[in-house]
Amino acid sequence: MQQILDAIMQAERAADPAAELRAVAGLPVPSSYRGVVVRADETDMFDGLATRDKDPRKSLHVQEVPTPEVGPGEALIAVMGSAVNYNTVWTSIFEPVSTFGFLQRYGRLNDLSKRHDLPYHVVGSDAAGVVLKVGPGVSKWKPGDEVVAHCLSVELEDATGHDDTMLDPQQRIWGFETNFGGLAELALVKANQLMPKPTHLSWEEAACPGLVNSTAYRQLVSHHGAQMKQGDTVLIWGASGGLGSYATQFALNGGATPVCVVSSPQKADLCRAMGAELVIDRSSFTFWKDEHTQDTAEWRRFGAEIRALTGGDDPDIVFEHPGRETFGVSVYVAKRGGTIVTCASTSGFMHQYDNRYLWMNLKRIIGSHFANYREAWEANRLIALGKIHPTLSRTYSLDQTGQAAHDVHRNAHQGKVGVLCLAPTEGLGVRDPELRAKHETAINRFRNQ
143 MQQILDAIMQ
153 AERAADPAAE
163 LRAVAGLPVP
173 SSYRGVVVRA
183 DETDMFDGLA
193 TRDKDPRKSL
203 HVQEVPTPEV
213 GPGEALIAVM
223 GSAVNYNTVW
233 TSIFEPVSTF
243 GFLQRYGRLN
253 DLSKRHDLPY
263 HVVGSDAAGV
273 VLKVGPGVSK
283 WKPGDEVVAH
293 CLSVELEDAT
303 GHDDTMLDPQ
313 QRIWGFETNF
323 GGLAELALVK
333 ANQLMPKPTH
343 LSWEEAACPG
353 LVNSTAYRQL
363 VSHHGAQMKQ
373 GDTVLIWGAS
383 GGLGSYATQF
393 ALNGGATPVC
403 VVSSPQKADL
413 CRAMGAELVI
423 DRSSFTFWKD
433 EHTQDTAEWR
443 RFGAEIRALT
453 GGDDPDIVFE
463 HPGRETFGVS
473 VYVAKRGGTI
483 VTCASTSGFM
493 HQYDNRYLWM
503 NLKRIIGSHF
513 ANYREAWEAN
523 RLIALGKIHP
533 TLSRTYSLDQ
543 TGQAAHDVHR
553 NAHQGKVGVL
563 CLAPTEGLGV
573 RDPELRAKHE
583 TAINRFRNQ
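Residue numbering for the sequence shown follows the working numbering, starting at 143 and increasing by one per position.
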(Lines of atoms letter the chains of each structure in order from A and count residues from 1; the text may use other names and numbers.)
(Lines give C-alpha, C1' and ligand atoms only; values in the text may rest on other atoms or scores of the structure.)
Protein backbone atom coordinates (compact mmCIF):
# COMPACT_ATOMS: atom_id res chain seq x y z
CA MET A 1 0.00 0.00 0.00
CA GLN A 2 2.88 2.33 0.77
CA GLN A 3 4.27 1.81 -2.76
CA ILE A 4 0.92 2.89 -4.20
CA LEU A 5 0.77 5.96 -2.00
CA ASP A 6 4.39 6.85 -2.83
CA ALA A 7 3.61 6.68 -6.56
CA ILE A 8 0.57 8.91 -6.15
CA MET A 9 2.47 11.36 -3.98
CA GLN A 10 5.25 11.50 -6.57
CA ALA A 11 2.69 12.97 -8.98
CA GLU A 12 2.20 15.89 -6.57
CA ARG A 13 5.71 17.04 -7.38
CA ALA A 14 5.76 16.13 -11.07
CA ALA A 15 5.46 18.49 -14.02
CA ASP A 16 3.23 15.91 -15.71
CA PRO A 17 1.20 14.20 -12.93
CA ALA A 18 -0.74 12.01 -15.38
CA ALA A 19 2.44 10.50 -16.80
CA GLU A 20 3.80 9.92 -13.30
CA LEU A 21 0.62 8.13 -12.23
CA ARG A 22 0.96 5.57 -15.01
CA ALA A 23 3.55 3.94 -12.75
CA VAL A 24 0.81 2.46 -10.59
CA ALA A 25 0.02 0.02 -13.42
CA GLY A 26 3.21 -1.88 -12.62
CA LEU A 27 2.68 -2.07 -8.87
CA PRO A 28 1.38 -5.21 -7.14
CA VAL A 29 -2.15 -5.00 -5.76
CA PRO A 30 -2.08 -5.47 -1.97
CA SER A 31 -3.68 -8.66 -0.68
CA SER A 32 -5.56 -6.70 1.98
CA TYR A 33 -6.45 -3.15 2.92
CA ARG A 34 -7.96 -1.10 5.74
CA GLY A 35 -11.66 -0.35 5.49
CA VAL A 36 -14.49 0.97 7.65
CA VAL A 37 -16.87 -1.89 8.36
CA VAL A 38 -19.95 -2.93 10.26
CA ARG A 39 -20.06 -6.54 11.42
CA ALA A 40 -22.86 -9.06 10.95
CA ASP A 41 -22.50 -10.40 14.48
CA GLU A 42 -23.21 -6.93 15.93
CA THR A 43 -26.49 -6.09 14.21
CA ASP A 44 -28.44 -6.42 17.47
CA MET A 45 -26.11 -4.21 19.50
CA PHE A 46 -28.57 -1.30 19.60
CA ASP A 47 -31.74 -3.30 20.23
CA GLY A 48 -34.09 -1.44 22.57
CA LEU A 49 -32.45 1.96 22.05
CA ALA A 50 -34.12 4.99 20.52
CA THR A 51 -32.72 5.99 17.12
CA ARG A 52 -31.02 9.07 18.55
CA ASP A 53 -29.20 7.00 21.17
CA LYS A 54 -27.63 4.60 18.69
CA ASP A 55 -23.96 5.53 18.38
CA PRO A 56 -22.09 4.93 15.09
CA ARG A 57 -18.79 5.16 16.98
CA LYS A 58 -19.58 1.78 18.54
CA SER A 59 -20.55 -0.05 15.36
CA LEU A 60 -18.11 1.33 12.76
CA HIS A 61 -14.72 -0.37 12.90
CA VAL A 62 -11.54 0.13 10.88
CA GLN A 63 -10.11 -3.29 10.11
CA GLU A 64 -7.93 -5.11 7.61
CA VAL A 65 -9.98 -6.93 4.97
CA PRO A 66 -9.00 -9.09 1.97
CA THR A 67 -8.80 -7.34 -1.40
CA PRO A 68 -11.53 -8.67 -3.72
CA GLU A 69 -10.73 -9.98 -7.18
CA VAL A 70 -11.49 -7.51 -9.99
CA GLY A 71 -14.13 -8.97 -12.26
CA PRO A 72 -15.23 -8.15 -15.82
CA GLY A 73 -16.37 -4.56 -16.21
CA GLU A 74 -14.97 -3.56 -12.81
CA ALA A 75 -12.19 -1.36 -11.48
CA LEU A 76 -10.16 -1.26 -8.29
CA ILE A 77 -9.29 2.23 -7.10
CA ALA A 78 -6.87 3.56 -4.50
CA VAL A 79 -9.12 5.82 -2.45
CA MET A 80 -7.49 9.09 -1.47
CA GLY A 81 -10.61 10.73 -0.07
CA SER A 82 -14.19 9.83 0.76
CA ALA A 83 -17.14 11.32 2.63
CA VAL A 84 -19.96 10.42 5.00
CA ASN A 85 -23.54 10.33 3.74
CA TYR A 86 -26.69 9.61 5.68
CA ASN A 87 -26.77 6.08 4.29
CA THR A 88 -23.58 5.42 6.28
CA VAL A 89 -25.45 6.55 9.39
CA TRP A 90 -28.33 4.17 8.55
CA THR A 91 -25.85 1.34 7.99
CA SER A 92 -24.08 2.04 11.28
CA ILE A 93 -27.24 2.04 13.40
CA PHE A 94 -28.84 -0.87 11.47
CA GLU A 95 -31.91 1.17 10.56
CA PRO A 96 -34.39 0.81 9.04
CA VAL A 97 -32.92 -2.65 8.41
CA SER A 98 -29.49 -4.23 8.55
CA THR A 99 -27.60 -3.89 5.28
CA PHE A 100 -26.50 -7.52 5.51
CA GLY A 101 -29.85 -8.48 4.01
CA PHE A 102 -28.92 -6.41 0.95
CA LEU A 103 -25.57 -8.17 0.68
CA GLN A 104 -27.12 -11.61 1.03
CA ARG A 105 -29.66 -10.93 -1.73
CA TYR A 106 -27.00 -9.52 -4.02
CA GLY A 107 -24.79 -12.51 -3.28
CA ARG A 108 -27.45 -14.87 -4.66
CA LEU A 109 -27.59 -13.08 -8.02
CA ASN A 110 -24.56 -14.66 -9.74
CA ASP A 111 -21.09 -16.04 -9.16
CA LEU A 112 -19.49 -12.59 -9.32
CA SER A 113 -21.86 -11.03 -6.82
CA LYS A 114 -21.17 -13.80 -4.27
CA ARG A 115 -18.08 -11.83 -3.23
CA HIS A 116 -20.32 -9.21 -1.61
CA ASP A 117 -22.00 -11.59 0.86
CA LEU A 118 -19.54 -11.41 3.74
CA PRO A 119 -19.75 -11.21 7.55
CA TYR A 120 -18.53 -7.62 7.31
CA HIS A 121 -19.66 -4.70 5.17
CA VAL A 122 -17.13 -2.15 3.91
CA VAL A 123 -19.25 1.00 3.75
CA GLY A 124 -19.16 4.34 1.94
CA SER A 125 -20.79 5.73 -1.20
CA ASP A 126 -18.32 8.47 -2.21
CA ALA A 127 -14.71 8.21 -3.38
CA ALA A 128 -11.97 10.10 -5.16
CA GLY A 129 -8.74 8.37 -6.08
CA VAL A 130 -6.62 6.64 -8.69
CA VAL A 131 -7.45 3.58 -10.78
CA LEU A 132 -5.15 0.69 -9.84
CA LYS A 133 -6.53 -2.12 -11.95
CA VAL A 134 -9.36 -2.73 -14.40
CA GLY A 135 -11.12 -5.97 -15.24
CA PRO A 136 -11.65 -7.61 -18.63
CA GLY A 137 -13.73 -5.58 -21.05
CA VAL A 138 -12.93 -2.14 -19.56
CA SER A 139 -11.65 0.25 -22.24
CA LYS A 140 -12.57 3.77 -21.06
CA TRP A 141 -10.38 3.74 -17.94
CA LYS A 142 -6.85 2.60 -17.23
CA PRO A 143 -4.49 2.41 -14.25
CA GLY A 144 -3.29 5.87 -13.23
CA ASP A 145 -6.50 7.72 -14.12
CA GLU A 146 -7.64 10.19 -11.47
CA VAL A 147 -11.33 9.58 -10.85
CA VAL A 148 -14.35 10.07 -8.67
CA ALA A 149 -16.96 7.35 -8.29
CA HIS A 150 -20.70 7.79 -8.26
CA CYS A 151 -22.72 5.28 -6.28
CA LEU A 152 -25.10 3.76 -8.85
CA SER A 153 -24.40 0.05 -9.20
CA VAL A 154 -26.62 -1.63 -11.77
CA GLU A 155 -26.51 -4.86 -13.79
CA LEU A 156 -28.33 -3.49 -16.90
CA GLU A 157 -29.47 -6.92 -18.04
CA ASP A 158 -33.14 -5.95 -17.93
CA ALA A 159 -34.83 -3.82 -20.59
CA THR A 160 -36.44 -1.57 -17.98
CA GLY A 161 -33.06 -0.11 -17.03
CA HIS A 162 -32.08 1.11 -20.45
CA ASP A 163 -34.35 4.16 -20.55
CA ASP A 164 -33.47 5.20 -17.00
CA THR A 165 -30.88 3.11 -15.16
CA MET A 166 -32.50 3.97 -11.82
CA LEU A 167 -35.46 1.82 -12.88
CA ASP A 168 -33.38 -1.31 -13.40
CA PRO A 169 -34.62 -4.09 -11.07
CA GLN A 170 -31.00 -4.75 -10.08
CA GLN A 171 -30.22 -1.13 -9.23
CA ARG A 172 -28.26 -0.75 -5.99
CA ILE A 173 -26.39 1.95 -4.13
CA TRP A 174 -22.70 1.08 -3.95
CA GLY A 175 -21.30 0.92 -0.43
CA PHE A 176 -24.80 0.67 1.04
CA GLU A 177 -26.47 -2.19 -0.84
CA THR A 178 -23.14 -3.58 -2.10
CA ASN A 179 -19.84 -4.29 -0.38
CA PHE A 180 -16.33 -2.85 -0.90
CA GLY A 181 -17.41 0.80 -0.53
CA GLY A 182 -15.45 4.03 -0.50
CA LEU A 183 -14.59 4.52 3.18
CA ALA A 184 -11.43 2.49 2.78
CA GLU A 185 -7.95 2.48 1.29
CA LEU A 186 -9.18 0.53 -1.75
CA ALA A 187 -12.62 0.26 -3.33
CA LEU A 188 -14.18 -2.01 -5.94
CA VAL A 189 -16.59 -0.37 -8.40
CA LYS A 190 -18.21 -1.07 -11.71
CA ALA A 191 -16.16 0.80 -14.31
CA ASN A 192 -19.21 2.77 -15.39
CA GLN A 193 -19.34 4.33 -11.92
CA LEU A 194 -16.15 6.22 -12.71
CA MET A 195 -16.02 9.88 -13.74
CA PRO A 196 -13.11 12.29 -14.23
CA LYS A 197 -11.91 13.91 -11.02
CA PRO A 198 -12.40 17.71 -11.14
CA THR A 199 -8.86 18.98 -11.63
CA HIS A 200 -9.12 22.10 -9.46
CA LEU A 201 -10.18 20.26 -6.32
CA SER A 202 -8.28 18.35 -3.68
CA TRP A 203 -9.02 14.68 -3.10
CA GLU A 204 -11.33 15.28 -0.16
CA GLU A 205 -13.13 18.13 -1.94
CA ALA A 206 -13.65 16.07 -5.08
CA ALA A 207 -15.02 13.13 -3.08
CA CYS A 208 -17.67 14.98 -1.11
CA PRO A 209 -20.19 16.12 -3.80
CA GLY A 210 -20.80 12.69 -5.41
CA LEU A 211 -23.94 11.22 -3.87
CA VAL A 212 -25.65 14.42 -2.73
CA ASN A 213 -24.81 16.53 -5.78
CA SER A 214 -26.15 13.89 -8.16
CA THR A 215 -29.22 13.35 -5.98
CA ALA A 216 -30.03 17.07 -5.94
CA TYR A 217 -29.48 17.30 -9.71
CA ARG A 218 -32.04 14.57 -10.42
CA GLN A 219 -34.52 15.94 -7.87
CA LEU A 220 -34.48 19.51 -9.16
CA VAL A 221 -33.01 19.74 -12.66
CA SER A 222 -33.67 16.45 -14.44
CA HIS A 223 -36.81 15.63 -16.38
CA HIS A 224 -37.10 12.67 -14.01
CA GLY A 225 -37.47 15.11 -11.11
CA ALA A 226 -39.11 18.51 -10.68
CA GLN A 227 -37.78 19.99 -13.96
CA MET A 228 -36.97 23.31 -12.30
CA LYS A 229 -37.10 26.32 -14.63
CA GLN A 230 -36.11 29.96 -14.48
CA GLY A 231 -38.32 31.98 -12.16
CA ASP A 232 -39.48 29.04 -10.04
CA THR A 233 -39.75 29.51 -6.29
CA VAL A 234 -38.08 26.51 -4.62
CA LEU A 235 -38.50 25.74 -0.93
CA ILE A 236 -35.39 23.89 0.25
CA TRP A 237 -35.38 22.12 3.59
CA GLY A 238 -31.98 21.84 5.28
CA ALA A 239 -30.58 24.29 2.77
CA SER A 240 -27.10 24.40 4.30
CA GLY A 241 -26.82 20.64 4.79
CA GLY A 242 -25.18 17.95 2.71
CA LEU A 243 -28.06 17.65 0.25
CA GLY A 244 -29.71 21.05 0.57
CA SER A 245 -26.51 23.00 -0.03
CA TYR A 246 -26.33 21.58 -3.56
CA ALA A 247 -30.04 22.16 -4.15
CA THR A 248 -29.51 25.79 -3.17
CA GLN A 249 -26.69 26.14 -5.70
CA PHE A 250 -28.73 24.49 -8.46
CA ALA A 251 -31.65 26.81 -7.78
CA LEU A 252 -29.46 29.91 -7.89
CA ASN A 253 -27.60 28.77 -11.02
CA GLY A 254 -30.84 27.86 -12.77
CA GLY A 255 -32.51 31.22 -12.32
CA ALA A 256 -34.89 30.04 -9.60
CA THR A 257 -35.51 31.71 -6.24
CA PRO A 258 -34.57 29.46 -3.33
CA VAL A 259 -36.37 29.83 -0.03
CA CYS A 260 -33.86 28.29 2.33
CA VAL A 261 -35.10 26.59 5.50
CA VAL A 262 -32.45 26.15 8.19
CA SER A 263 -32.29 25.63 11.95
CA SER A 264 -29.85 28.27 13.19
CA PRO A 265 -28.53 31.77 12.42
CA GLN A 266 -25.15 30.26 11.50
CA LYS A 267 -26.77 28.08 8.86
CA ALA A 268 -28.76 31.05 7.61
CA ASP A 269 -25.49 32.95 7.12
CA LEU A 270 -24.11 30.09 5.02
CA CYS A 271 -27.14 30.22 2.74
CA ARG A 272 -26.73 33.95 2.29
CA ALA A 273 -23.04 33.44 1.56
CA MET A 274 -24.06 31.10 -1.28
CA GLY A 275 -26.19 33.92 -2.70
CA ALA A 276 -29.63 33.08 -1.30
CA GLU A 277 -31.66 36.03 -0.06
CA LEU A 278 -34.77 34.37 1.38
CA VAL A 279 -34.12 32.34 4.54
CA ILE A 280 -36.41 30.93 7.23
CA ASP A 281 -35.18 29.72 10.62
CA ARG A 282 -37.37 26.69 11.26
CA SER A 283 -36.51 26.64 14.97
CA SER A 284 -39.36 29.07 15.56
CA PHE A 285 -41.91 26.60 14.12
CA THR A 286 -43.30 23.43 15.71
CA PHE A 287 -45.18 21.37 13.15
CA TRP A 288 -46.34 18.62 15.54
CA LYS A 289 -48.45 19.09 18.69
CA ASP A 290 -47.47 15.62 19.86
CA GLU A 291 -46.17 12.39 18.34
CA HIS A 292 -49.46 11.75 16.54
CA THR A 293 -50.95 15.17 15.79
CA GLN A 294 -49.71 17.80 13.37
CA ASP A 295 -50.33 21.49 14.02
CA THR A 296 -52.13 22.88 10.97
CA ALA A 297 -52.05 26.38 12.47
CA GLU A 298 -48.25 26.16 12.23
CA TRP A 299 -48.58 25.06 8.61
CA ARG A 300 -50.53 28.23 7.91
CA ARG A 301 -48.05 30.39 9.81
CA PHE A 302 -45.17 28.83 7.88
CA GLY A 303 -46.97 29.41 4.57
CA ALA A 304 -47.54 33.04 5.53
CA GLU A 305 -43.83 33.43 6.26
CA ILE A 306 -42.96 32.11 2.80
CA ARG A 307 -45.40 34.51 1.14
CA ALA A 308 -44.03 37.40 3.16
CA LEU A 309 -40.55 36.67 1.82
CA THR A 310 -41.55 36.00 -1.80
CA GLY A 311 -44.03 38.83 -2.23
CA GLY A 312 -46.99 36.49 -2.14
CA ASP A 313 -45.73 33.49 -4.13
CA ASP A 314 -46.11 29.91 -2.94
CA PRO A 315 -43.35 27.42 -3.81
CA ASP A 316 -43.48 25.91 -7.30
CA ILE A 317 -41.24 23.14 -5.96
CA VAL A 318 -40.66 21.82 -2.46
CA PHE A 319 -37.29 20.05 -2.12
CA GLU A 320 -38.16 17.44 0.50
CA HIS A 321 -35.80 15.15 2.36
CA PRO A 322 -36.48 15.42 6.13
CA GLY A 323 -39.60 13.26 5.68
CA ARG A 324 -42.03 12.64 8.52
CA GLU A 325 -41.33 15.82 10.46
CA THR A 326 -41.96 18.18 7.52
CA PHE A 327 -43.89 16.33 4.85
CA GLY A 328 -47.34 17.47 5.96
CA VAL A 329 -46.41 21.14 5.81
CA SER A 330 -44.53 20.60 2.53
CA VAL A 331 -47.69 19.34 0.83
CA TYR A 332 -49.66 22.21 2.34
CA VAL A 333 -47.38 25.09 1.25
CA ALA A 334 -46.67 23.96 -2.31
CA LYS A 335 -48.51 26.14 -4.82
CA ARG A 336 -51.59 25.00 -6.71
CA GLY A 337 -50.23 22.65 -9.38
CA GLY A 338 -46.87 22.58 -7.63
CA THR A 339 -44.47 19.70 -7.04
CA ILE A 340 -43.13 18.07 -3.90
CA VAL A 341 -40.04 16.05 -4.80
CA THR A 342 -38.91 13.71 -2.03
CA CYS A 343 -36.07 11.43 -1.00
CA ALA A 344 -34.22 10.21 2.12
CA SER A 345 -36.77 10.87 4.92
CA THR A 346 -34.07 11.37 7.53
CA SER A 347 -36.58 12.26 10.28
CA GLY A 348 -38.79 9.23 9.57
CA PHE A 349 -40.14 7.22 6.64
CA MET A 350 -43.86 7.19 7.54
CA HIS A 351 -45.23 10.42 6.08
CA GLN A 352 -48.59 11.94 6.98
CA TYR A 353 -50.30 14.70 5.02
CA ASP A 354 -53.80 16.00 4.37
CA ASN A 355 -54.68 14.70 0.91
CA ARG A 356 -57.26 17.45 0.35
CA TYR A 357 -54.42 19.93 -0.14
CA LEU A 358 -52.83 17.59 -2.68
CA TRP A 359 -55.76 16.40 -4.78
CA MET A 360 -57.97 19.50 -4.74
CA ASN A 361 -55.02 21.73 -5.63
CA LEU A 362 -53.63 19.37 -8.28
CA LYS A 363 -50.22 19.06 -6.67
CA ARG A 364 -47.79 16.26 -7.46
CA ILE A 365 -45.48 14.15 -5.29
CA ILE A 366 -42.42 12.77 -7.07
CA GLY A 367 -40.21 10.14 -5.50
CA SER A 368 -36.54 10.60 -6.42
CA HIS A 369 -33.61 8.31 -5.68
CA PHE A 370 -29.96 9.12 -6.45
CA ALA A 371 -29.39 9.61 -10.21
CA ASN A 372 -28.84 7.65 -13.38
CA TYR A 373 -25.48 7.50 -15.16
CA ARG A 374 -26.13 10.53 -17.33
CA GLU A 375 -27.43 12.65 -14.46
CA ALA A 376 -24.45 11.76 -12.27
CA TRP A 377 -22.06 12.59 -15.10
CA GLU A 378 -23.74 15.95 -15.77
CA ALA A 379 -23.73 16.82 -12.07
CA ASN A 380 -20.01 16.02 -11.85
CA ARG A 381 -19.35 18.05 -15.01
CA LEU A 382 -20.85 21.11 -13.33
CA ILE A 383 -18.43 20.61 -10.43
CA ALA A 384 -15.52 20.28 -12.87
CA LEU A 385 -16.54 23.50 -14.64
CA GLY A 386 -16.65 25.44 -11.37
CA LYS A 387 -20.40 26.05 -11.71
CA ILE A 388 -21.25 24.08 -8.56
CA HIS A 389 -18.88 23.93 -5.61
CA PRO A 390 -18.18 21.37 -2.88
CA THR A 391 -19.64 22.14 0.52
CA LEU A 392 -16.96 20.40 2.58
CA SER A 393 -16.92 21.73 6.13
CA ARG A 394 -14.64 19.36 8.00
CA THR A 395 -12.33 16.42 7.31
CA TYR A 396 -11.65 13.38 9.46
CA SER A 397 -9.08 10.61 9.28
CA LEU A 398 -10.16 7.09 8.34
CA ASP A 399 -9.81 6.08 12.00
CA GLN A 400 -12.22 8.90 12.97
CA THR A 401 -15.02 7.80 10.61
CA GLY A 402 -17.18 6.70 13.53
CA GLN A 403 -17.01 10.20 14.96
CA ALA A 404 -17.78 11.69 11.55
CA ALA A 405 -20.89 9.51 11.22
CA HIS A 406 -21.91 10.37 14.77
CA ASP A 407 -21.71 14.08 13.95
CA VAL A 408 -23.88 13.59 10.86
CA HIS A 409 -26.34 11.50 12.88
CA ARG A 410 -26.66 14.33 15.42
CA ASN A 411 -26.81 17.02 12.71
CA ALA A 412 -23.74 18.60 14.30
CA HIS A 413 -22.26 19.49 10.92
CA GLN A 414 -22.68 21.80 7.97
CA GLY A 415 -22.57 20.75 4.32
CA LYS A 416 -20.58 17.54 3.91
CA VAL A 417 -17.90 15.96 6.08
CA GLY A 418 -14.96 14.35 4.33
CA VAL A 419 -12.66 11.46 5.24
CA LEU A 420 -8.99 11.14 4.32
CA CYS A 421 -8.36 7.53 3.30
CA LEU A 422 -4.89 7.16 1.72
CA ALA A 423 -4.27 10.90 1.45
CA PRO A 424 -1.91 11.81 4.33
CA THR A 425 -3.04 15.44 4.51
CA GLU A 426 -5.69 17.76 3.13
CA GLY A 427 -5.13 19.85 0.03
CA LEU A 428 -3.47 17.25 -2.21
CA GLY A 429 -4.51 16.37 -5.75
CA VAL A 430 -5.04 19.88 -7.16
CA ARG A 431 -3.97 19.86 -10.85
CA ASP A 432 -5.48 23.18 -12.05
CA PRO A 433 -4.47 25.91 -9.56
CA GLU A 434 -5.64 28.69 -11.90
CA LEU A 435 -9.23 27.45 -11.98
CA ARG A 436 -9.04 26.85 -8.25
CA ALA A 437 -7.88 30.40 -7.58
CA LYS A 438 -10.88 31.70 -9.51
CA HIS A 439 -13.28 29.87 -7.19
CA GLU A 440 -11.26 29.66 -3.96
CA THR A 441 -13.76 31.59 -1.86
CA ALA A 442 -16.70 29.44 -2.96
CA ILE A 443 -14.72 26.21 -2.52
CA ASN A 444 -13.85 27.11 1.08
CA ARG A 445 -17.20 28.67 2.01
CA PHE A 446 -18.22 25.82 4.34
CA ARG A 447 -14.79 25.15 5.82
CA ASN A 448 -14.56 24.93 9.61
CA GLN A 449 -18.26 25.65 10.07
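Backbone N, C-alpha and C fix where the C-beta goes; we use that ideal spot for every residue, glycine too. No experiment lies behind these values; they were computed from the predicted model shown.
Measuring C-alpha to C-alpha distances from A554 to each of Y262, S406, L169 identifies S406 as the nearest.
Here H203 carries a strand assignment [DSSP, helix/strand/coil]. Take Q152, set aside five residues on each side of it, and the residues of its chain with a beta-carbon closer than 6 Å to its own are E162, in chain order.
Annotation for R578: no beta strand (DSSP E) segment contains it, though the alpha helix (DSSP H) segment containing it runs 575 to 585.
Around the Cβ of W232, a 10 Å sphere holds 16 or more other Cβ atoms; the residue is buried. Separation of the CB atoms of F444 and F427 is rounded to 5 Å, and the pair is thereby assigned contact status at 8 Å. DSSP places R164 outside any alpha helix (DSSP H), giving it a letter other than H or E. Here R164 really is in contact with G286; their C-beta atoms are around 4 Å apart, less than 8 Å. With fewer than 16 other beta carbons inside 10 angstroms of its own, F491 counts as exposed.
By the CB criterion at 8 Å, L218 and L330 fall inside the cutoff. Collapsing the DSSP output to three states places E297 in coil. In the DSSP annotation of this structure, the continuous segment of the alpha helix (DSSP H) that includes M416 starts and ends at 407 to 416. In this structure, the alpha-carbon of W379 lies about 10 Å from that of I422. L385 and E299 have their C-alpha atoms some 31 Å from each other.
A contact is defined here as three or more CB-CB pairs under 8 Å, and the stretch 315 to 325 fails this definition with respect to the stretch 363 to 381. Annotation for A269: the continuous beta strand (DSSP E) segment containing it runs 269 to 276. Residue pairing by DSSP puts V421 in a beta bridge opposite C402. By the criterion of a C-beta distance shorter than 6 Å, R498 is surrounded by no residue of its chain, once the five residues flanking it on both sides are discounted.
Burial is judged here by how many other beta carbons sit within 10 angstroms of a residue's own beta carbon; V239 has fewer than 16 and is exposed. In terms of Cα proximity to Y474, the closest of N586, A291, A439 is A439. Per DSSP, the beta-bridge partners of I219 are V273, A329.
Per DSSP, the continuous alpha helix (DSSP H) segment holding H548 begins and ends at 543 to 551. Rounded to whole angstroms, the separation of the alpha carbons of E327 and C563 is 5 Å.
Segment contact: the stretch 287 to 306 against the stretch 182 to 199, fewer than three CB-CB distances shorter than 8 Å; contact not assigned.
As DSSP reads the structure, M337 sits in a beta bridge with V290. In the pairwise beta carbon analysis, the stretch 408 to 418 is classified as not touching the stretch 478 to 497: fewer than three pairs are separated by under 8 Å. In its chain, beyond the 5 residues on either side, S387, G557, K558, F588 have a beta carbon closer than 6 Å to the beta carbon of T533. Around the C-beta of H434, fewer than 16 other C-beta atoms lie within 10 Å, and the residue is accordingly described as exposed. Cβ neighbours of E237 within its own chain (closer than 8 Å, five residues either side excluded): T193, K196. Per DSSP, Y495 is not a residue of any beta strand (DSSP E), being assigned neither H nor E.
Excluding the 5 residues flanking it on each side, G266 has same chain C-beta neighbours closer than 7 Å at V178, S224, T230, G317, G323, G324, L325, A326, in chain order. Residue environment for A389: buried (at least 16 other C-beta atoms within 10 angstroms of its C-beta).
Counting only residues of its own chain and dropping the five nearest sequence neighbours on each side, T341 has a CB closer than 6 Å to the CB of R573, D574. Linking I482 to A579 through their CA atoms gives a straight-line distance of about 38 Å. Shortest Cα-Cα distance from G470 to any of S487, D455, H258 involves S487.
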